[in-house]
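2 protein chains.
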Amino acid sequence: MPRVKCPKCSKVETILKSGFIRQKQRYYCKECNYNFTLNHESRKAKNKTRKNYQTTIVDIGNAMGISATTVSRALRNHPDISPATTLAVQQVALQMEYRPNLLARNFASKQTQTIGVIIPHLQSTFFSSMLGGIQKVASKNGFKVIICLSNEDYQTELENVQALMDSRVDGLLVCHSASTTAFDYIENYSKKGISIVNFYRTSPSPKTSKVLAKNTEGAEKVTEHLLEQGCKRIGIILGPKSLTITEERLLGYLNILKKNKIKPDKELIAYTDYSNVSINSVVDDWLNLDQRPDAIFCISDRSAIYVIKHLKKRKIKVPNEIAVVGFGNDLMGELIEPSLTTYNIQTSVIGETTMQLFLQQYKNEADSEIQIQTIDGDLLVRESSIKKKEK
Amino acid sequence: MPRVKCPKCSKVETILKSGFIRQKQRYYCKECNYNFTLNHESRKAKNKTRKNYQTTIVDIGNAMGISATTVSRALRNHPDISPATTLAVQQVALQMEYRPNLLARNFASKQTQTIGVIIPHLQSTFFSSMLGGIQKVASKNGFKVIICLSNEDYQTELENVQALMDSRVDGLLVCHSASTTAFDYIENYSKKGISIVNFYRTSPSPKTSKVLAKNTEGAEKVTEHLLEQGCKRIGIILGPKSLTITEERLLGYLNILKKNKIKPDKELIAYTDYSNVSINSVVDDWLNLDQRPDAIFCISDRSAIYVIKHLKKRKIKVPNEIAVVGFGNDLMGELIEPSLTTYNIQTSVIGETTMQLFLQQYKNEADSEIQIQTIDGDLLVRESSIKKKEK
DNA sequence: AACGATAGTGCAAACGTTTGAGATAGAAAA
DNA sequence: TTTTCTATCTCAAACGTTTGCACTATCGTT
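Just so you know, the sequences run in chain order X and C.
UniProt numbering puts the last residue of the first sequence at 391; the count rises by one with no breaks.
UniProt numbering puts the last residue of the second sequence at 391; the count rises by one with no breaks.
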């Protein structure tokens with residue numbers, strides 16, 4: 001016989017036990033036909049006394065005898081609020097160690113002031129340098145940056161995009177993975193209203209803004225340089241066919257060969273997935289050729305470094321037997337022996353421009369036109385391509 | 001005379017214009033003593049018809065004739081919900097292309113399933129490799145990772161921590177900047193209830209869990225190796241005094257000198273802030289000494305690379321005149337000529353362990369004890385320390 | 001029949017902020 | 001004056017989810 005009062009009629013006699021619910025005894029009042037359990041602690045009270053309770057704008061409002069709305073506006077320097085009030089609120093906020101709850105703020109405003117960046121990897125300083133550019137412009141404009149690595153995997157890229165969308169980032173800056181061949185998913189998202197900027201490794205899709213290096217021009221300069229060094233058979237190691245950087249650079253290479261009346265040799269045009277394995281096998285194939293190439297133009301510095309290391313292992317002299325040039329200008333190229341001739345695309349500038357382009361689109365979403373910007377670069381001649389030593 | 005009806009009494013004659021408010025004409029009804037403006041579009045209707053409206057659990061509930069609560073639980077595989085319902089809900093959710101609104105979810109649940117990571121920079125593959133380890137374990141456990149770079153600046157580190165706390169991350173993994181000398185802020189936050197793990201570059205504070213490399217042991221091995229190579233005067237280039245890695249490695253160095261009855265020379269112990277400038281000036285100082293060192297032990301691979309490059313510029317032969325060793329095992333060490341002897345701390349393992357430690361603490365927050373874990377490493381002998389060539 | 005347990009579901013509050021629009025008082029203009 | 005305007009502040013709804021607890025139906029046990 002439980003000695004329990006009914007919360008409605010306050011009687012004791014009419015109470016019956018009526019099972020357990022969530023580890024608690026449950027009671028039933030015959031009279032009132034009402035079920036209940038004990039231990040109704042006020043949730044509110046519990047929260048407010050918790051030791052890591054954070055002050056809210058309501059607390060500030062109460063403390064100052066004004067509404068939370070005014071506090072909210074004052075903290076954000078809203079013009080509706082008088083300067084005096086604004087100042088006072090901000091001081092009290094500081095005193096009370098108020099920190100905005102971004103979860104609540106973002107939720108209420110549907111804006112996160114955050115952009116998601118997707119890059120293939122961080123195994124060289126190449127992409128991290130672009131990141132640097134992005135971060136710089138972002139933080140100057142009050143944006144946070146979430147970085148996701150696709151590890152050159154299409155599936156991961158997709159998952160990352162999905163996760164970022166779920167987190168309601170305000171924008172997406174993406175540099176595709178080497179294994180990405182379908183780019184339409186981007187269009188789907190950009191239809192949903194968030195602006196996307198594609199950078200460096202871009203898709204052929206015409207629906208997004210893009211920031212590119214001067215790929216064709218760069219490849220032309222590199223190829224010209226190699227010809228000037230007296231190279232006759234220039235092998236080119238490309239990335240995957242699906243990426244436009246591959247196409248564009250190949251074009252530059254072919255342009256110069258044509259201009260110099262050299263017939264391109266299909267055997268010397270190789271596509272890879274940027275992996276160590278695929279690159280080494282290309283090099284091995286070429287070394288087995290009757291007519292070896294006397295220069296190798298790599299579409300990335302990382303590939304070029306793999307090539308140099310592999311050639312060294314095979315006791316081939318770089319640059320005298322085979323010259324090697326890269327593309328991009330990664331910090332590593334300076335370190336390796338011989339130091340790497342490369343086309344310096346300004347990675348950091350690409351990053352900055354990408355973020356700026358996003359900001360432009362974000363601000364005037366109405367008339368956001370698709371823009372394509374290309375960033376200048378320059379040839380950086382170092383040791384790996386200078387054949388003159390032997391004379 | 002405006003032809004406007006009062007929304008209350010529906011009269012036209014009683015209406016007066018009463019100023020502008022937010023670009024809209026405002027009216028006043030004399031009779032009802034009521035102010036109003038026109039153009040009351042239903043916000044609700046507006047939202048639901050917007051082109052990028054996202055389905056919510058309420059929509060799913062309505063579609064299926066069940067409550068949003070049940071949908072919410074079903075989507076998260078809550079045991080209260082019957083398997084049949086769960087399955088059905090999940091199918092409908094898929095059909096309706098439902099995606100959870102993480103802003104709302106995080107806000108309501110006060111959890112973000114996100115951890116913040118603070119690292120000094122990404123200018124070498126050193127920290128990105130630790131990041132890799134963290135990411136791996138994190139994503140396996142359904143955690144997202146936000147990366148912040150302090151750029152070796154204390155102020156930035158602080159701001160990053162603040163920003164992460166405002167975003168209500170569930171945890172913080174921090175590797176201090178070189179300029180950080182005050183570590184107490186960490187304790188403040190860990191008091192607030194979120195768990196923090198300090199990794200690699202740790203503070204002396206006893207209040208947080210830590211993951212360390214075997215610094216002293218590693219430095220001992222390195223120093224021993226140099227002595228075995230016949231080096232008599234080993235210079236050591238350290239980081240800033242405030243970091244424990246500096247202390248610990250110095251200790252290892254001193255231990256071995258003592259063991260071999262070599263009196264340490266204060267001139268050969270240099271503190272730096274890891275910057276190119278400060279390192280080069282140390283090297284220059286040493287080269288001006290009457291008795292130059294015959295080996296330089298650098299506390300980081302990046303420093304070692306700066307040293308090698310600088311020595312090359314000054315036409316000093318490495319390793320024969322001066323041997324150089326690093327600490328850490330950065331990818332770059334393999335590239336430089338001569339390749340760099342270094343102590344391989346397993347960066348990726350450090351990252352993994354850090355994240356695991358966090359998870360442990362997070363899961364049983366009640367009895368979360370402070371843990372300190374050290375990760376094994378091994379000496380990696382390459383060219384830059386082998387003096388035997390000349391004999 | 002009375003009671004106790006349990007499984008499955010729904011109700012409504014809560015989370016902390018933003019936001020549209022109403023309210024008020026005093027200033028400016030007519 | 002009367003009317004219009006403006007500056008400043010407040011009200012209340014909304015955002016999409018989670019969560020504590022109530023509710024119902026059903027089944028098993030005395």
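C-beta: ideal position from N, C-alpha, C; glycine also.
Arg292 (chain C) to Pro204 (chain X), Cα distance in whole Å?
59 Å
Quick test of your reading: Gly328 (chain C) and Asp284 (chain C), contact by CB under 8 Å. State the CB separation rounded to the nearest angstrom.
Taking the Cβ atoms as the reference, Gly328 (chain C) lies roughly 24 Å from Asp284 (chain C), outside the contact range of under 8 Å.
Return helix, strand or coil for Thr180 (chain C), following the three-state DSSP convention.
coil
Determine the burial state of Tyr53 (chain X): buried for a count of at least 16 other Cβ atoms within 10 Å of its Cβ, exposed for fewer.
For Tyr53 (chain X), the number of other beta carbons within 10 angstroms of its own is below 16, and it is reported as exposed.
Taking 8 Å as the cut-off, decide whether the C-beta atoms of Val117 (chain X) and Ile81 (chain X) are in contact.
no
Please confirm if the region 344-356 of chain C is in contact with the region 206-218 of chain C, defined as three or more CB-CB distances below 8 Å between the two stretches.
yes
For a contact defined as C-beta to C-beta under 9 Å, what are the partners of Arg99 (chain X) on chain C?
Per Cβ cutoff of 9 Å: Gln162, Met165 and Asp166.
Would you list the residues sitting across from Cys298 (chain X) in a DSSP beta bridge?
X:Ile237
Consider the Cβ of Glu187 (chain C): report whether some Cβ of chain X lies at a distance smaller than 8 Å.
no
Is it true that the CB of Leu158 (chain C) sits closer than 8 Å to the CB of Tyr185 (chain C)?
yes
Any contact of the region 359-379 of chain C with the region 331-338 of chain C, i.e. 3+ C-beta pairs under 8 Å?
Two segments are said to touch when three or more pairs of C-beta atoms, one from each, lie closer than 8 Å; by this definition the region 359-379 of chain C does not touch the region 331-338 of chain C.
Determine the direct distance from the alpha carbon of Ile115 (chain X) to that of Asn47 (chain X), and round the result to whole angstroms.
Low local confidence applies: a pLDDT of 47 at Asn47 (chain X) is under 50, so the model's placement there is unreliable, with the coordinate-based value given in what follows. Their backbone Cα atoms lie some 33 Å apart in a straight line.
Along the region 107-131 of chain X, what residues have a CB closer than 8 Å to any CB found in chain C?
Answer in chain order: Phe107, Lys110, Thr112, Leu122, Gln123, Ser124, Thr125, Ser128 and Leu131.
Closer than 8 Å between beta carbons: that is the criterion. Which residues of the region 328-342 of chain C meet it against chain X?
Leu331, Met332, Leu335, Ile336 and Glu337
With 8 Å set as the bound, which would you pick, yes or no: does the beta-carbon of Ala104 (chain X) sit closer than that to a beta-carbon of chain C?
yes
Within the 8 Å Cβ cut-off, does Leu172 (chain X) reach chain C?
For Leu172 (chain X), the closest Cβ of chain C is not nearer than 8 Å.
Take Ala295 (chain C) as the anchor and find which of C:Ala74, C:Leu226 and C:Gln111 has the nearest alpha-carbon.
Nearest C-alpha to Ala295 (chain C): C:Leu226.
Please confirm if Leu380 (chain X) has its CB atom under 8 Å from at least one CB of chain C.
no
Could you name the residues of chain C that Ile146 (chain X) contacts, counting a contact when the two beta carbons are closer than 7 Å?
The answer, in chain order, is Ile146.
Are Gly239 (chain C) and Thr272 (chain C) closer than 8 Å when you measure CB to CB?
Against a cut-off of 8 Å, the Cβ pair of Thr272 (chain C) and Gly239 (chain C) comes out as a contact.
With a threshold of 8 Å between beta-carbons, can Gln135 (chain C) be considered close to chain X, or not?
yes
Which same chain residues, not among the five before or five after Pro83 (chain X), have their C-beta less than 7 Å away from its C-beta?
Correct list: empty, nothing qualifies.
Can you list, in chain order, the residues of its chain with a C-beta nearer than 8 Å to that of residue 393 (chain C)? Leave out the 5 residues immediately preceding and following it.
Not covered by the structure: residue 393 (chain C). The range shown for chain C is 1 to 391.
Check whether the Cβ of Ile305 (chain C) lies closer than 8 Å to any Cβ atom in chain X.
For Ile305 (chain C), the nearest CB of chain X lies under 8 Å from its own CB, placing it at the interface with that chain.
At what residues does the beta strand (DSSP E) containing Phe199 (chain X) begin and finish?
Ser195 to Phe199
Should Arg43 (chain C) be labelled buried (16 or more other beta-carbon atoms within 10 Å of its own) or exposed?
Low confidence applies to Arg43 (chain C): its pLDDT is 40, below 50, so where it sits in the model is not reliable enough to give any reading.
Threshold first: 4 residues or longer. Then list the alpha helix (DSSP H) segments lying entirely within the region 128-157 of chain X, N to C.
none
Do you know how far the Cα of Thr181 (chain C) is from the Cα of Lys241 (chain C)?
9 Å
Any beta carbon from chain C within less than 8 Å of Leu149 (chain X)'s own beta carbon?
So, interface residue.
Less than 7 Å between the CB of Leu335 (chain C) and some heavy atom of the ligand NAD, yes or no?
Of ligands this structure carries none, so the ligand NAD is not represented either.
What whole-angstrom Cβ distance do Thr353 (chain C) and Gln373 (chain C) have, given they're in contact under 8 Å?
6 Å
In whole angstroms, what is the alpha-carbon distance linking Val275 (chain C) and Lys221 (chain C)?
Residue 275 (chain C) is actually Ser in this sequence, not Val. Going from the Cα of Ser275 (chain C) to the Cα of Lys221 (chain C) covers about 25 Å.
So which of X:Ile234, X:Glu267 and X:His121 has the shortest CA-CA distance to Cys298 (chain X)?
X:Ile234
Following the continuous alpha helix (DSSP H) through Gly333 (chain X), name the residue where it begins and the one where it ends.
Met332 to Leu335
Which runs of the beta strand (DSSP E) fall wholly inside the region 208-273 of chain C and span at least 3 residues, in chain order?
Fully enclosed beta strand (DSSP E) runs of 3 or longer: 209-213, 234-238 and 269-271.
Starting from Val71 (chain C), follow the alpha helix (DSSP H) in both directions and report where the run begins and ends.
First-last of the alpha helix (DSSP H) with Val71 (chain C): Ala68 to Leu75.
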